[in-house]
Amino acid sequence: MSQHVGSMRLRRRATGAGFYSTSSVLAVLFLAPLVWSLVSSFTGDRASDGHGPVGVANYQRLFAYGEGVATYLLNSAVVSTITVAGTLFVTVLAGYALARFQFPGKNILFMATLAILMIPHPTILVPLYTLLKAIGLQNNLVGVALVLIMFQLPFGLFMMRNAFESVPREFEEAALLDGLSNFGSLRRVLLRAVTPAMVTVGMFSFLASWNEFLAPLIFLSDSSKFTLPIALVAFRSSNFDSVDFGALQAGIVISAIPCLIIFTLLQRHYVRGFASGALRG
Amino acid sequence: MTATATSRARSAAWKRRQRRLGLTYSSPAMAFVAVFFIIPLCLAAWMSLNDWPLIGTPTFNGGANYLAIGQNQLFLQSILFTVKWAVVTTVLFLFVALGIALLVQNARPGVGFFRTAFLLPAAVGLASCSLLFLGLYDNDFGPLDDLMHALGWPAGRIGFLDTGDAAFTWVMVMVMWRFAGFNMIIFLTGLQAIPTEVYEATRTDGANWWQTLRYVTLPMLRPTILLILVLSVTGGLLAFEPFYVITQGGPNNSTVTMVMSMFREAFTLFHLGNAAAIAITLMIVLVIVNALQFFFFREREERP
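Chains as they are written, first to last, in this note's numbering: chain W, 31 to 311; chain A, 5 to 308.
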């Protein structure tokens, strides 16, 4: 036994050097473009207006473009907030229903949600454009958010259903015995038990809605309604002969920062997922 | 007697309560699925059978939109390009992501940092990543051509996006960078589901690293490989952002994907009916392709 462990240690030390050198080279390749984007947004002649090596002129030009980056940031924030709140509201309620109750239409709801995964998004976006125009939600941030909630349903519903299923029924029964109404028991007792799943669903729907490109590109026609990714791509095409790359990199930095923050917070949930699988090595 | 009657009455009441609560709680989800998924899906089918202009009344034209697909040179050309793109990206993803996952699958000091580093690009939006690499590939602004010359690349202009083939390759590099970590995570989850005892048994049998990979790890990763196949074939066939942003379909329409040509049909030419016909065709093709992948992977799973 101890001999076996000893030989494993020896081998691990031998392969360790190979592991660290390969991983380090790869890590540089994966991180370099992000670092370069950040650095190039602050450096160069156009970033400093010719005064020294660094400056914020790229950001100033970006803020002056179109309706101003503040507008696009706000539009993106509106879409993301409605999408996250709406996704959580819909999937928490329906996840609870799927996990706990027998009701007509249960299987249909389940199958239809599964079908959302199998139908390509672009297929559904063309008729949605016509539909949103008919109900007056075309060129409207709320309309975009409603469509994005629909796209989040498969993942969110499965996550929430599984989360509720893993909560023992005694939880609610105890709450019911305490004389709470059913909705009260759901709210007070269960929500606390499924908070980790809600955090995951919320973060994923934030990343998806903040970064979504095709749906807002199709639905938003007014440049004052553009979300950040649409505005940045429009900015790239606005002056085709000479793309203002410095300002573009500044825009990429601004759009990436919230995602990288959320992502770092999400990392713990990934790690927990790994830990639940049998750890080896 | 009375006890059974009471319990029966109670269970009937419980059933009614279940139905009522279940329907109430799931009604928002049902409304979303109906209004934003089922109805648009039916509408897509109906639109595809009509001459549907952006403004004005639609007129039924039978299967004319589907027949028009055969005459649509841009779309036919985009099929070849997109299929090639989907096949090459999928094969590369399988090798690259599995390689990285095998590299970082074991717990070691610092392994968490490397996993995070590989996964980080996946947090940034695909459109932003495309714009980032557009800058990287620019000969004046980006450092990549200078770097490659410094590393011994033959002198002269490196036209990253000058030809269709060059653009294909360098957009591929961007997509690998953006998605390799995401696929790595899927592989890691699959690798961690393989019981430790299996590895111990093969080690006792004296299998070497390659034999373990070939006869133990890969067969047990079958469901994971299927998932990556389905995800990246679907993603590849529906590619839009990288080419829309980086090449804008050029040079000379050589990098137009199927979704891009559908987008042009709908929102540049305003032929919504034709676009819907392309959309329905795309959907049918994808359902068939994914069903085939499931079929072949299930089939072989039966045999030892």
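Virtual Cβ for every residue (Gly too), placed ideally from N, Cα, C.
- Secondary structure note for residue 182/W: its alpha helix (DSSP H) is the uninterrupted segment 171 to 195.
- Sequence-distant partners of residue 265/A (beyond 5 residues in either direction) whose C-beta falls short of 6 Å from its own C-beta, in its chain, are 78, 79 and 82.
- Residue 242/W counts as buried, since at least 16 other C-beta atoms from the protein chains shown sit within 10 angstroms of its C-beta.
- Looking at the backbone, the Cα of residue 113/A and that of residue 46/W are separated by about 10 Å.
- Given a length threshold of 4 residues, each whole run of the alpha helix (DSSP H) inside the stretch 69 to 119 of chain W is given here in chain order: 75 to 78 and 87 to 94.
- Residue 41/A is not a Cβ neighbour of residue 165/W, given a cutoff of 7 Å.
- Take residue 293/A, set aside five residues on each side of it, and the residues of its chain with a beta-carbon closer than 7 Å to its own are 237, in chain order.
- Around the beta-carbon of residue 85/W, 16 or more other beta-carbon atoms lie within 10 Å, marking it buried.
- Against chain W, a Cβ distance below 7 Å from residue 16/A picks out nothing, because the smallest value is about 13 Å.
- Within the stretch 77 to 160 of chain A, the alpha helix (DSSP H) runs of at least 4 residues that lie entirely inside it are, in chain order, 77 to 107, 115 to 123, 130 to 140 and 148 to 154.
- Take the alpha-carbon of residue 181/W and the one of residue 227/W: they are about 18 Å apart.
- With a beta-carbon spacing of about 17 Å, residue 276/A and residue 71/A fall beyond the 8 Å limit used to define contacts.
- Within the stretch 102 to 116 of chain A, contact with chain W at the beta-carbon level (separation under 9 Å) is assigned to 104, 107, 108, 109, 110, 111, 112, 114, 115 and 116.
- With contact defined as three or more Cβ pairs closer than 8 Å, the stretch 186 to 203 of chain W and the stretch 128 to 147 of chain W are in contact.
- Against chain W, the CB of residue 249/A has a partner CB under 7 Å away; the residue lies at that interface.
- In the DSSP annotation of this structure, residue 149/W is not part of any alpha helix (DSSP H), being labelled neither H nor E.
- If you check each beta-carbon in the stretch 157 to 173 of chain A against every beta-carbon of chain W, none falls closer than 9 Å.
- Contact between the stretch 191 to 199 of chain A and the stretch 156 to 176 of chain A is absent: fewer than 3 CB-CB pairs across the two stretches fall below 8 Å.
- At a Cβ-Cβ threshold of 7 Å, residue 156/W and residue 283/A count as neighbours.
- Listed along chain A, the residues sitting closer than 8 Å to residue 120/W by beta-carbon distance are 32, 33 and 36.
- Cβ-Cβ distances below 6 Å link residue 97/A to 187 and 236 in the same chain, with the five nearest sequence neighbours on each side left out; the list follows chain order.
- The beta carbon of residue 143/W is closer than 7 Å to those of 183, 184 and 187 in its chain, skipping five residues each way along the sequence.
- Between residue 279/W and residue 70/W, the C-beta spacing is below 7 Å.
- The stretch 130 to 142 of chain A and the stretch 220 to 237 of chain A do not touch, with fewer than three beta-carbon pairs separated by less than 8 Å.
- For the set 55/W, 152/W, 248/W and 102/W, the Cα lying nearest the Cα of residue 174/W is the one of 248/W.
- Among the residues facing chain W, residue 145/A is included, as its CB has a counterpart in that chain under 7 Å away.
- A direct Cα-Cα distance of roughly 33 Å separates residue 229/W from residue 163/W.
- Residue range 168 to 196 is occupied by the alpha helix (DSSP H) that includes residue 175/A.
- Two segments are said to touch when three or more pairs of C-beta atoms, one from each, lie closer than 8 Å; by this definition the stretch 9 to 16 of chain A does not touch the stretch 111 to 129 of chain W.
- Short of 7 Å from the beta carbon of residue 67/W, and not among the five residues preceding or following it, lie these beta carbons of its own chain, in chain order: 279, 282 and 283.
- Residues of chain W whose Cβ lies closer than 7 Å to the Cβ of residue 263/A are, in chain order, 152.
- Judged by their CB atoms, residue 228/A and residue 194/A are nearer to each other than the 7 Å cut-off.
- The three-state secondary structure of residue 63/A, taken from DSSP, is strand.
- Along the stretch 260 to 289 of chain W, the positions whose C-beta sits under 7 Å from a C-beta of chain A are 262, 263, 266, 275, 278, 279, 282, 285, 286 and 289, read in chain order.
- Residue state for residue 54/A is assigned as strand, using DSSP reduced to three classes.
- Residue range 258 to 268 is occupied by the alpha helix (DSSP H) that includes residue 259/W.
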